[in-house]
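**Q**
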Amino acid sequence: MRAPVLDDAPGRSNPTGWGLDEEQLAAVTAPRGPVCVLAGAGTGKTRTITCRIAHLVSTGHVAPGQVLAVTFTARAAGEMRTRLRALGVGAKGVGAKGIGGVQARTFHAAALRQLRYFWPRVVGGDQWQLLDGKLRLVGQAAARAKAGTDAASLRDLAGEIEWAKASLVAPDEYAAEAARRHRDTPGPAEQVATVYAGYEALKNRAELLDFDDLLLHVAAALEEHPAVAEEFRDRYRCFVVDEYQDVTALQQRVLDAWLGERDDLTVVGDANQTIYTFAGATPRHLLDFSRRFPEAVVVRLQRDYRSTPQVVAAANTLIGAARGRVAGARLTLVGQRPSGPDPDFAEHDDEPAEAAAVATRIRRLIGDGVPAAEIAVLFRINAQSEVYEQALTDAGVPYQVRGGERFFSRPEVRRAMTAVRAAAVPAGVPLVDAVRAVLAPVGLSAEPPGGSAQRAQWESLLAIVELAEELVAVEPEADTARFAAELETRADNAHPPAVQGVTLASLHAAKGLEWDVVFLVGLVDGTLPIQHADGDEAAIEEERRLLYVGVTRARQRLALSWALSRQPGGPRRRRRSRFLYGLIPEEHPASRVANGSSGRGAAKPRCRVCGSPLIGADAMKLRRCADCPSDVDVELLDRLRGWRSEEAREQQVPPYVVFTDATLTAIAEQRPADNAALVRIPGIGARKLDRYGPAVLGLVADSGS
5 MRAPVLDDAP
15 GRSNPTGWGL
25 DEEQLAAVTA
35 PRGPVCVLAG
45 AGTGKTRTIT
55 CRIAHLVSTG
65 HVAPGQVLAV
75 TFTARAAGEM
85 RTRLRALGVG
95 AKGVGAKGIG
105 GVQARTFHAA
115 ALRQLRYFWP
125 RVVGGDQWQL
135 LDGKLRLVGQ
145 AAARAKAGTD
155 AASLRDLAGE
165 IEWAKASLVA
175 PDEYAAEAAR
185 RHRDTPGPAE
195 QVATVYAGYE
205 ALKNRAELLD
215 FDDLLLHVAA
225 ALEEHPAVAE
235 EFRDRYRCFV
245 VDEYQDVTAL
255 QQRVLDAWLG
265 ERDDLTVVGD
275 ANQTIYTFAG
285 ATPRHLLDFS
295 RRFPEAVVVR
305 LQRDYRSTPQ
315 VVAAANTLIG
325 AARGRVAGAR
335 LTLVGQRPSG
345 PDPDFAEHDD
355 EPAEAAAVAT
365 RIRRLIGDGV
375 PAAEIAVLFR
385 INAQSEVYEQ
395 ALTDAGVPYQ
405 VRGGERFFSR
415 PEVRRAMTAV
425 RAAAVPAGVP
435 LVDAVRAVLA
445 PVGLSAEPPG
455 GSAQRAQWES
465 LLAIVELAEE
475 LVAVEPEADT
485 ARFAAELETR
495 ADNAHPPAVQ
505 GVTLASLHAA
515 KGLEWDVVFL
525 VGLVDGTLPI
535 QHADGDEAAI
545 EEERRLLYVG
555 VTRARQRLAL
565 SWALSRQPGG
575 PRRRRRSRFL
585 YGLIPEEHPA
595 SRVANGSSGR
605 GAAKPRCRVC
615 GSPLIGADAM
625 KLRRCADCPS
635 DVDVELLDRL
645 RGWRSEEARE
655 QQVPPYVVFT
665 DATLTAIAEQ
675 RPADNAALVR
685 IPGIGARKLD
695 RYGPAVLGLV
705 ADSGS
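In this note's numbering, the protein residues as written are 5 to 709.
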């Protein structure tokens with residue numbers, strides 16, 4: 005959000021001059037004590053919480069140096085410090101009682117500072133040094149446990165240790181807890197537990213601390229040493245936590261230790277943007293805040309100052325279809341910006357065609373005056389970046405890759421190129437088969453491995469195979485020598501000078517950022533939602549939230565696209581992402597998937613998920629194929645069944661006379677918002693619309709509120 009200039013001078017106690025809306029003002033002026041700010045994307049949460057801190061200071065509730073504000077990234081903490089200084093209460097200022105300014109830090113930076121101060125009393129002797137990267141010790145522990153010691157395996161093991169410590173899971177508890185939580189472990193759980201225990205032993209023997217130890221030691225110091233806790237709690241009286249939906253069990257333990265029996269706490273978060281549960285984050289603390297503090301003031305920020313109403317409507321539709329959302333934490337954004345263009349949807353035959361179309365549109369936008377730095381291309385996995393790097397290079401558009409290395413700079417890709425160059429392949433072996441065989445020792449297996457780093461490496465190698473498939477489509481006789489030359493050419497061309505250009509980023513890396521124009525690409529089932537999320541409803545919903553984060557990054561223009569095949573000429577087996585249902589207007593060309601044939605007369609009904617012609621009454625009613633993924637709202641379906649039972653009892657008729665199970669399922673999947681949408685469901689005619697329409701639409705509306 006681009007915040008308006010404050011009307012009053014910094015430090016003034018009148019918050020009405022700070023350009024706040026009604027809800028922001030309520031959060032800023034809430035009494036000292038527990039306050040929960042449910043802040044949707046683009047609603048000005050940072051502005052609100054910094055103004056709240058300034059208001060508490062200026063009205064004498066607390067001295068600046070008694071406030072500790074924590075967030076999750078150094079960038080966010082830096083932005084908070086800048087705003088606090090502008091308000092006259094930052095660390096460079098001096099409080100009314102001679103105490104320094106408000107402290108705004110990450111959890112780990114705050115813990116490190118506190119641990120350095122209290123170490124002599126709680127431990128004694130020289131303070132243990134902070135470990136500069138844990139892979140060396142993880143590697144030693146992995147070798148002793150006979151686990152994988154390649155770079156990707158070590159990154160996954162290190163990440164799993166971080167998850168365990170963030171979740172307060174000890175080494176001897178890991179295997180059982182991983183099974184209970186259905187963790188996708190980077191190897192057998194017992195082996196991971198052995199690596200975890202070995203790593204802890206090596207680290208402690210060397211008198212080293214990792215980042216999670218900072219939090220564990222601070223919590224223990226305050227929990228076990230009353231004098232230390234008393235001194236700390238006298239120093240800090242007021243706490244503010246940003247991005248509270250991302251708090252881990254360990255961070256909550258530290259926060260509880262900071263607070264003690266007090267409740268002077270302001271938290272800010274949005275459960276719709278919880279996308280780090282794989283790392284131990286949980287929105288449970290945010291959702292349970294009012295239960296823990298029944299007297300808490302809860303303020304909902306829903307006015308979106310970032311995005312146009314059209315982008316906001318798409319975001320609301322997307323997240324409104326989510327399952328399992330706690331009613332009290334649901335936020336419906338209300339756009340405050342002038343109207344803009346509708347989101348654009350595009351379907352392409354293959355990924356290179358999709359990337360080329362995006363690059364062409366970007367070049368046109370830049371020609372029309374849109375700065376390249378205000379344009380982003382966002383994707384689910386880093387391996388998707390290569391085709392866009394190539395397309396933008398071909399189009400002469402400068403770009404930068406955020407949150408990851410350029411494709412041809414990745415270690416596994418460099419190893420793959422070396423292996424292809426050195427390959428001795430017998431004559432007559434098809435290129436694609438040869439490349440698969442050459443890459444197998446490098447890490448290309450038949451199925452994706454467990455662990456995010458190993459899977460990312462596997463996806464990069466699979467992308468190399470797909471490049472071979474592309475080359476064969478153009479040059480059927482190409483061999484490994486020709487392919488090695490092609491890879492070298494691509495690598496050379498995909499290294500433009502470092503400039504401020506279009507941003508290429510994964511959806512995770514885009515969190516907290518915004519651009520005027522956002523392209524969301526590669527939106528197919530198997531990629532978003534990611535394939536390994538299937539069968540796990542919680543994982544699917546996290547994937548939906550990830551797309552929601554992507555949508556809400558756009559200020560003015562939003563474009564969503566997908567491709568039916570990976571490479572030119574490949575089988576068109578892909579389906580557009582199930583999350584796009586309800587986003588694409590029925591009349592939009594992209595809502596009808598071309599199949600290469602032309603019918604006569606009226607268009608045949610097609611599946612709203614995959615676009616195939618519908619066959620059978622149930623498919624017609626549900627408007628999807630029987631084997632396409634269902635997006636039924638289970639809670640709504642339960643309420644509809646309860647309502648139907650009451651109607652049937654009142655009329656003394658069997659329930660199916662009111663509505664059949666298939667009709668109720670269709671309603672719970674399609675969630676009609678008005679009479680026109682309701683009567684499009686087969687089995688609901690004028691008579692049933694008159695009799696049951698208001699009740700059904702009321703149930704649907706309640707489910708989305």
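Every residue gets a Cβ at the ideal spot worked out from N, C-alpha and C, and that includes glycine.
Note that the coordinates shown come from a computational prediction; the quantities given were computed from them, not determined experimentally.
Could you give the uninterrupted runs of the alpha helix (DSSP H) lying entirely in the stretch 426-453, keeping only those of 4 residues or more?
**A** For the stretch 426-453, whole alpha helix (DSSP H) runs of length 4 or above, ordered along the chain, are 435-443.
**Q** By how many angstroms is the C-alpha of Gly129 removed from the C-alpha of Ala174?
**A** Roughly 26 Å between the two C-alpha positions.
**Q** So what's Ala623 in DSSP terms, helix, strand or just coil?
**A** Three-state result, Ala623: helix.
**Q** With three or more beta-carbon pairs closer than 8 Å as the criterion, would you say the stretch 350-357 touches the stretch 561-576?
**A** Yes: the two stretches touch, three or more of their Cβ pairs being nearer than 8 Å.
**Q** According to the neighbour-count rule (16 or more other Cβ atoms, all chains shown, within 10 Å of its Cβ), is Asp268 buried or exposed?
**A** Buried.
**Q** For a minimum of 3 consecutive residues, which ranges assigned as the beta strand (DSSP E) are wholly contained in the stretch 539-581?
**A** Here the runs fully enclosed are 558-567.
**Q** Runs of 3 residues minimum, wholly inside the stretch 252-290: which ones carry the beta strand (DSSP E) assignment?
**A** With a minimum length of 3 residues, the continuous beta strand (DSSP E) runs that stay inside the stretch 252-290 are 269-273.
**Q** On the CB-based measure, 16 or more other CB atoms within 10 Å of its CB, does Ser510 come out buried or exposed?
**A** With 16 or more Cβ atoms within 10 Å of its Cβ, Ser510 is classed as buried.
**Q** Report the rounded CA-to-CA distance for Ala58 versus Thr47, giving the unit in angstroms.
**A** When rounded, the distance between both Cα atoms is 19 Å.
**Q** State the DSSP-derived secondary structure class of Pro533, mapped to helix, strand or coil.
**A** Coil, per DSSP.
**Q** What alpha helix (DSSP H) runs, 4 residues minimum, are completely inside the stretch 141-185?
**A** As far as the stretch 141-185 is concerned, its whole alpha helix (DSSP H) runs of at least 4 residues are 155-170, 175-184.
**Q** Let me make sure I understand the geometry here. Which of Lys150, Pro38, His186 has the alpha-carbon closest to that of Ala537?
**A** Closest option to Ala537, Cα to Cα, is His186.
**Q** Between Ala363 and the rest of its own chain, which residues show a CB-CB distance below 8 Å, the 5 nearest in sequence each way excluded?
**A** For Ala363, where only same-chain residues beyond five positions count, the Cβ hits under 8 Å are Tyr392, Ala395, Leu396, Asp398, Ala399, Val401.
**Q** Taking the CB atoms as reference points, tell me whether Gly202 and Ala145 lie closer together than 7 Å.
**A** Closer than 7 Å, so yes.
**Q** Using CA coordinates, which residue listed in Val417, Leu527, Gln404 is at the minimum distance from Thr507?
**A** Measuring from the Cα of Thr507, the nearest candidate turns out to be Gln404.
**Q** Does the Cβ of Glu390 have 16 or more other Cβ atoms within 10 Å, making it buried, or fewer, making it exposed?
**A** Its Cβ being crowded by 16 or more others within 10 Å, Glu390 is buried.
**Q** Does DSSP classify Phe383 as helix, strand or coil?
**A** Of the three classes helix, strand and coil, the one that applies to Phe383 here is strand, per DSSP.
**Q** For chain D, is any of its Cβ atoms less than 7 Å away from the one on Trp132?
**A** No chain D appears in this structure, which consists of one protein chain only.
**Q** How about Phe122 and Ala225: do their beta carbons lie closer than 7 Å?
**A** Yes, the Cβ-Cβ distance between Phe122 and Ala225 is below 7 Å.
**Q** Buried or exposed: where does Tyr660 fall if 16 or more other Cβ atoms within 10 Å of its Cβ makes it buried?
**A** Exposed, by the Cβ-count rule.
**Q** State the DSSP-derived secondary structure class of Glu351, mapped to helix, strand or coil.
**A** Three-state result, Glu351: strand.
**Q** Only counting the same chain, and skipping five residues up and downstream in sequence, which positions put a Cβ closer than 6 Å to that of Gly702?
**A** Excluding residues within five positions, none has a Cβ falling inside 6 Å.
**Q** For Gln394, name the three-state secondary structure that DSSP assigns.
**A** Helix.
**Q** Which two residues bound the contiguous alpha helix (DSSP H) that contains Val232?
**A** 230-239 is the span of the alpha helix (DSSP H), which, as asked, contains Val232.
**Q** For Val521 versus Ile370, is the C-beta distance shorter than 7 Å?
**A** Taking 7 Å as the Cβ cut-off, Val521 and Ile370 do not qualify as a contacting pair.
**Q** Is the separation between the beta-carbon of Val222 and that of Leu119 shorter than 7 Å?
**A** Yes, these two residues count as a Cβ contact at 7 Å.
**Q** Would you call the stretch 138-157 and the stretch 238-250 touching, i.e. three or more CB-CB distances under 8 Å?
**A** No: fewer than three Cβ pairs fall under 8 Å.
**Q** Take Val469 and list the residues in its own chain whose beta-carbon comes closer than 8 Å to its own, dropping the five residues that flank it on each side.
**A** Taken in chain order, the residues that qualify are Val436, Val439, Arg440, Leu443, Leu448.
**Q** If you draw a straight line from the C-alpha of Ala741 to the C-alpha of Thr153, how long is it?
**A** Since the displayed the chain opens at 5 and closes at 709, residue 741 lies outside it and no answer follows.
**Q** Output yes or no for whether 7 Å exceeds the beta carbon distance between Phe583 and Leu551.
**A** It is a contact, given that the beta carbons lie within the stated cut-off.
**Q** Just to confirm, are Val301 and Val39 a CB contact at a threshold of 7 Å?
**A** It is a contact, given that the beta carbons lie within the stated cut-off.
**Q** Would Arg675 and Val704 be called neighbours here (beta carbons separated by less than 7 Å)?
**A** Yes, Cβ-Cβ distance for Arg675 and Val704 is below 7 Å.
**Q** Assess, as a yes-or-no matter, whether the stretch 231-239 is touched by the stretch 19-33 under the definition of 3 or more beta carbon pairs within less than 8 Å.
**A** At 8 Å Cβ cutoff, the stretches do not touch.
**Q** What is the rounded straight-line gap between the Cα of Ser601 and the Cα of Pro617?
**A** In this predicted model, Ser601 has a pLDDT of only 33, less than 50, meaning its place in the structure is not dependable; the value taken from the coordinates is given anyway. Distance between the alpha carbons of Ser601 and Pro617: 12 Å.
**Q** Where Val41 and Ala423 are concerned, what is the direct C-alpha to C-alpha distance, given to the nearest angstrom?
**A** One C-alpha to the other measures close to 54 Å.
**Q** Assuming contact is defined by CB atoms lying nearer than 7 Å, are Ser171 and Ala253 in contact in what I supplied?
**A** Their beta carbons are under 7 Å apart, which means Ser171 touches Ala253 by this criterion.
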